[in-house]
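Asker:
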Amino acid sequence: MKIRIESLDIFYYPDLSVTCNPNDRHKYFKKYPCLIVETLSPSTERVDRNEKLLNYRQLESLQEYVLISQDRPQIEIYRNQSQGKWHLEVLGYDDTLHLQSLGLEMTVAQIYEDVDFESVGSE
């Protein structure tokens, strides 16, 4: 599902998005996500870290923007603290991911449970 950033008149296709806004009922896109998740790959990482990060911050509804590394157990969470001030938290394998926007908690190890990092680098 596309995300529309109305103030910039642009759309993106995130890997995962969540909206809890009852007004977000458009058939082809969402405008009020509270959570956006991107899995970093060599072809998308630059855009995910720069362009999308900058532009997603224009979404007043967005509480968390999560970047998941595919070549090592690392997760980055950008959280909207208040009034457009964002805080970055970087998690490793032994840490716990708290998604405040959803009230969800899970370990980073659970997210990477079936990932063989040796084979990821060879593909």
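Numbering that gives the first Met the number 0 numbers the first residue of the sequence shown as 0 and each following residue consecutively.
Just so it is clear, CB atoms sit at the ideal spot from N, CA and C, and this is done for glycine as well.
Since the structure is predicted, the reported quantities are computational estimates derived from the model, not experimental observations.
Going straight from the alpha carbon of Leu7 to that of Thr38, what length do you get?
Answerer: One C-alpha to the other measures close to 23 Å.
Asker: Taking the beta carbon of Tyr27 as the centre, do at least 16 other beta carbons fall within 10 Å, making it buried, or is it exposed?
Answerer: Exposed is the call here.
Asker: Looking only at its own chain, which residues have a Cβ that is under 6 Å from the Cβ of Leu87, when we skip the five neighbours before and after it?
Answerer: Taken in chain order, the residues that qualify are Tyr77.
Asker: Ignoring anything shorter than 3 residues or poking outside the region 4 to 92, list the beta strand (DSSP E) runs there in chain order.
Answerer: Runs found: 9 to 11, 15 to 18, 32 to 39, 63 to 68, 73 to 81 and 84 to 91.
Asker: Can you tell me whether Ser16 is buried or exposed, with buried defined as 16 or more other CB within 10 angstroms of its CB?
Answerer: By the 10 Å Cβ count, Ser16 comes out buried.
Asker: Cα separation between Val107 and Glu63?
Answerer: One C-alpha to the other measures close to 16 Å.
Asker: Roughly how far, in whole angstroms, is the beta-carbon of Ile35 from the beta-carbon of Ile2, given that I think they are within contact range, below 8 Å?
Answerer: Yes, they are in contact, since the Cβ atoms of Ile35 and Ile2 sit about 7 Å apart, within 8 Å.
Asker: Using CA atoms only, rank isn't needed, just tell me which of Ser81, Phe116, Leu66 and Ile4 is closest to Leu58.
Answerer: Out of Ser81, Phe116, Leu66 and Ile4, Ile4 has the C-alpha closest to the C-alpha of Leu58.
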